[in-house]
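Structure first, then comments.
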Amino acid sequence: MAEEKKGRAVATSTAAKIPKFVRGNLSATLKAKEEGKKVAAAFIADGQDEIMRAMDIVPAWGESFSGVCAAKRDAEKYLQKAESDNFSRSLCTYATCNIGFDMMREELGGATPEGAPWGGMGRPDMMLGNGQLLCDPRFKWPQATQHYQQDVPVFVTNMYYPPWDPNADHHEQEAIYVKYATEELRETVKFCEKITGKKMDWDRLAATVELSDKTWDLFIDTYELRKHIPTPMDTGDAMNTMVPLTFNLGTQEAYDFYVDLNAELKQKIADGVGVANPEKYRIIWAAGLPSWFALGDFQYFNGKGVVFPVEVTYRGCEKIERLDLPKTNDPLEHIAWRWVRYWTHWYDAAKKRPGSTPKVERIIEYIEDYKCDGAVFHSAFSCRSWHAGIMQQAATLKKVYKDIPILIMEGDIVDISSYNEADTHNRIDAFIETLAAYKKRQG
Amino acid sequence: MTDIRDGNGLAAAEKLYTQYGSRARELKASGKKVIGYLSALGPVEIMTAAGVLPIRLKGNVSEAISKGDAYMETIVCPFVRNVFDLAVKGKYDFLDGMVLPHQCDSIDRTNETWSYTLGLPYWHFLNVPHVTDDPSIAFMKEILRIFIRTLEKFTGKAITDQAIADAVTAHNNNRKLMRELYDLRKSNPPLISGSEMMKVLVAAMSIPVEESSALIEAVTKEVKERKPAAANPKAKRIMLIGDQIDDVAVIEAIESTGAYLVMDDLSTGSKMYWQDVDATADPVQGIAERYLRKLKIPTTFVGSADTYQGILEERFGHMKKYVNEFKVDGAILFIYKYCDPYGFEVPAIKSYVEAAGAPVLYLEDEYSTSSLARVKTRIEAFLEMIA
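From first to last, the protein sequence lines stand for chains A and B.
Numbering that gives the first Met the number 0 puts the first residue of the first sequence at 0, with every later residue one more than the last.
Numbering that gives the first Met the number 0 puts the first residue of the second sequence at 0, with every later residue one more than the last.
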C-alpha cells in the first residue's frame, strides 16, 4: 500500500481551495463522455489551453495527474509499469508515471485502475503535444502513449521564441516567430475542429483570450503583494495557487480564485500576519520544479524563519502592459505575441549587464523587488527541461550580481527514490547557517 | 595533411579517427576558419558555402569527465557532457566558433552553458523546429537565412546562392559515395568491418567535403579489391541503432563475439548519408526540407498517417528496409541515459523492428567505456539467444 503523507498545512485559506480545482479537472475528464465533450491530453504553457476552453474540449493534464500521484507518494506502481516496457527511469517521470497509468488503463479496457489517486484521469480522444524550446517530452510523451492507445490521434504543434543571443537583436526576429506560432495555433484549431466536428467560435475565443489577459494581470498584482515584509504568502503555497493560472487559464473560476487570494493577502498585510514569525531570511526559489512528494520541506524552511516571497517556477505570466503587445484582432496572433514576449521579456535587461542572461536578470529583478537574501534552486534528475542549465544560472548570478548564498537542492519531481529527507534537511540547515553569516556580514 | 590516395584510404581514416580534429587544426593554422557543430542537424552545406570548415564534434568514451561537471549538470545527455568536457579542457581549442542546432533539451537547455563557458568568437543556436508542416518549412528557411547572415557577418564574405548550390552538390556527392561504401556491407561476410566503417564515418565528418569524398572513394576502391573471405555460417548480421555513436568501442564489443556489424541507423552513419538535399531554385528550400522532413531523427515529430501502423512506417520504415537489404539477423538499440527523445521511442522501435524480423537488444548506457564489460556480456547473451 502506498505510504500516505499528511498534507502540508497552507498559510492562506484560499490555497485550501486548490484540491477542489485539481479534483475538478480530473473528474471533468471522467465525466466528459456523458456530457458529450471530447478530452484532450494536453500540456501547460503552450498556448493551446484557450483554444480548448473556447471549443469545450476538456484538457487532461498529465503533468497535474503525475504531480498528484507524487504528492500522494503513490507513483511508484506507474513508474514500474512503464519501466516494465523499457521506459528508462532516467526519462521524465511526469511522462513515465502517466504512461504507466495509461498502460494499466488500456489493459483494463479503458476502466480506471483501482486505487488511482483522486479517481485517475479519463481516456483522451486526442493528444495535443507541443514542440517548444523547453521540453522534449511534450511531443515525445504523446507519441509514446500512442503506442498503447493506437486509436487516439496525436497532433503536435510548435511554439518557439527567439533564442537568447547577446549579440543579436531579438526584436528583429520577433515577427518571424509570432507568424510561425500563429500559424501553428491555427493548425491546432483545424485539428480540434476535425476531431470535435465543431467549428471554432472566434468571438468566444477572443473573449477567452481577453479573460486570460485579465487573469495574467490579476495574478501578478496578487503575487506582488508578497513583496510586503513579512510576506503574507510563501512558495510552499504558490506551488498550489499556481493551479488556476496553469491549468485553468481562460476560465472565470481561475480569475475569481485570484480575486479571493488578492483579498486574503491584503487582509493578511493589514493584520501584519506573515508566513514565518519572526521572518529572518527572505529567499527566492530561483528555478526548478519542486519534489511534489516533499512540499513539506517548505514548512521546514518556514519553521526556521526562512520564507520564499517569490519564485520563478510556475510564475508563467507577466503584466500585459509590461509586454507591450502589438494590437491585433486575431486572438491566435495575440496568444502568440503574449508568449513570445513573455519568454523574451528579460532579454533587454540582460543586454544591459555584460555577462548576464535573461534567466539571471529575472532572478535579479525578483531578488531586488522582493528583498531576498539568497536563492534556492532545485535540480530534478529526470527533467532536463527546467533543470539543465541551473548551475550556469547560479554561477552567473554570483558573477554579475553579488555573492549571495545559494543552495542547489537535488531530487526529482515524481520519483521518491531520489529523496532523502534527513540529508535534505541537513543541507537546508547548512544553507541557513550560511545565510546567517551572510546577513551578519551585510550588517 | 593526411595523404589520401589509392591503397591507403583505410590507413588515412584510421589516422583521422585516432587524431580527431588534426586536419581542422592544420587548416586553422593555414588561415581557414573552423566551426564546430553538434548532431546530424548541423547544416554543413551552408558552412561549406561560407568557406569555413564544419567539424562535427565528438567526445572521447575513454576519457572521464573531469572539468565539465563543474559547469554542466550530470542529468544532461552523457554524450553532450563528454564533448563539453573535452571542449573545456581545450581539445577543440582550434575552433573559431560553434553552431548548436536545436535537437534536444540537452543541447537547447545548455546553450548558455556552452557559449558563456567557451567564449568563442562565433556562436549560433540554430532553432530547428520539431514539426514538419508547411509553416515549419517556411520557418526553417527563415532561421537558416538568419544563420547565413550571422556567418556572413563573421567571415566578412557574402554567401551566394551559387555557393550554396555548389556546396549542396558537393555534399550530395559525398553522401552518394558513402552509400556506395555501405553497399559493400551487404555481402556475407561484409567486405568492410563495422570497426573500419566507424573509423571512416568519424574521419569523414572532420575534414572538408572534397577531402571527405576523396577519402571515401579511396576506402571503397581499397575494400573492393579485397578477396572475399569465407563466411562464418554461425556469425549473425547485426544492425546498430542509436544517435551519436562515434567510437569503435561498442562496435568491437559486437564484432569480438564473431558477429558482423552490417548496418546502422546512427546519426553519425546512415542517418547522415541516406537523404540528399534536393536541388531547388532557392537552395535554402532544399536544405530546409532535407533537415526537417527527410532526416529520420526522433526530435522531428512525424505522424501524419491515418493509422498507427502507418505512422510507424513513416517513422521507422527505413529500418525495415535495412533489415531486408542488409539481411539483418538482430538489432542492438543503444541509447544513452537521460535521452528523452530516443528513450520514449524504445518500445515502438523494439516492437517495429522485431516485427520486421530482427530481434532487438535494448541497451541503455553512458557515453563511456567504463561499463563496456557489462555491455559485452549483454551482447554475448543476446547473440546466443538469437543463434
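All C-beta atoms in this analysis are idealised placements derived from N, C-alpha and C, irrespective of residue type, glycine included.
Report the residue from A:N24, A:G23, A:G46 whose alpha carbon sits nearest the alpha carbon of L331 of chain A.
A:G46
Would you mind reading off the limits of the alpha helix (DSSP H) that contains E251 of chain B?
247 to 254
Any beta carbon from chain A within less than 9 angstroms of Y337 of chain B's own beta carbon?
yes
Own chain residues within Cβ distance below 7 angstroms of V153 of chain A, not counting five before or after:
M126, G128, P141, Q142, Q145
Could you check which residue in B:F78, B:A48, B:Y19, B:M46 has the C-alpha nearest to that of Y335 of chain B?
B:F78
Three-state secondary structure (DSSP) at E360 of chain A?
helix
Against chain B: residues of the region 347 to 373 of chain A by CB proximity under 7 angstroms:
T356
Rounded C-alpha distance that separates Y313 of chain A from D164 of chain A
24 angstroms
Which same chain residues end up closer than 6 angstroms to L190 of chain B when comparing Cβ atoms and leaving out the 5 residues on each side of it in sequence?
L183, V222, R225
Please determine, among B:A48, B:K319, B:E344, the residue with the shortest C-alpha to C-alpha distance to K165 of chain B.
According to the sequence provided, residue 165 of chain B is Asp. The question's Lys does not apply to it. Minimum Cα distance to D165 of chain B is reached at B:A48.
Check each candidate in B:P42, B:E195, B:T219, B:G8 and name the one with the smallest Cα separation from K140 of chain B.
B:P42
For T109 of chain B, which of helix, strand or coil comes out of DSSP?
coil
What did DSSP end up calling M197 of chain B once you bin it into helix, strand or coil?
helix
Boundaries (first-last residue) of the alpha helix (DSSP H) holding I268 of chain A
251 to 270
With a threshold of 16 other CB atoms inside 10 Å of the CB of E317 of chain A, please say whether the residue is buried or exposed.
buried
Work out the CA separation of F380 of chain A and F297 of chain A for me, nearest whole Å.
20 angstroms
Apply the 10 Å Cβ neighbour rule to R148 of chain B and answer buried if 16 or more other Cβ atoms are within range, or exposed otherwise.
exposed
Is any beta-carbon of chain A found at less than 9 angstroms from that of P297 of chain B?
yes
Which term fits R321 of chain A, buried or exposed, when burial requires 16 or more other beta carbons within 10 angstroms of its beta carbon?
exposed
Relative to the C-alpha of A393 of chain A, which candidate in A:I407, A:R383, A:P162, A:R137 has its C-alpha closest?
A:I407
Anyone know if the C-beta pair for I194 of chain A and Y147 of chain A falls short of 9 angstroms?
no
If you check the beta carbons only, do L260 of chain B and M318 of chain B fall under 9 angstroms apart?
no
Run through the DSSP bridge pairs and tell me what T156 of chain A is partnered with.
A:N129
Distance between P120 of chain B and Q18 of chain B (C-alpha atoms, nearest Å):
24 angstroms
Straight-line gap, Y159 of chain A to W338 of chain A (C-alpha atoms, nearest Å):
9 angstroms
Counting only runs that start and end within the region 238 to 311 of chain B, where is the beta strand (DSSP E) found for 3 or more residues in a row?
259 to 264
Verify the CB distance criterion: does A167 of chain A have a CB-CB separation below 9 angstroms to chain B?
yes
Check the DSSP bridge columns for W60 of chain A and list the partner residues they point to.
A:A41
Spatial neighbours of S355 of chain A within its chain, please: C-beta separation below 6 angstroms, excluding the five flanking residues on both sides.
A349, V399
With distances taken from CA atoms, which of A:T240, A:S87, A:P123 is nearest F218 of chain A?
A:T240
Can we say the region 230 to 238 of chain B touches the region 303 to 310 of chain B, given the rule of at least three CB pairs closer than 8 angstroms?
no
4 or more residues per run - each alpha helix (DSSP H) lying fully within the region 67 to 124 of chain A
75 to 83, 92 to 106
In terms of residues, what are the limits of the beta strand (DSSP E) holding W163 of chain A?
Looking at the DSSP string, W163 of chain A is not in any beta strand (DSSP E), and its letter there is neither H nor E.
With a threshold of 6 angstroms on Cβ separation, who are the neighbours of R225 of chain A within its own chain once the five nearest residues in sequence on each side are excluded?
M232, P308
Excluding the 5 residues flanking G6 of chain A on each side, which residues of the same chain have their C-beta closer than 7 angstroms to its C-beta?
Any reading at G6 of chain A needs caution, since the residue's pLDDT is 44, under 50, leaving its predicted position unreliable; the model's value is listed next. Once the five neighbours on either side are set aside, G6 of chain A has no close Cβ partner at all.
Classify N323 of chain B as buried or exposed, calling it buried when 16 or more other Cβ atoms lie within 10 Å of its own Cβ.
exposed
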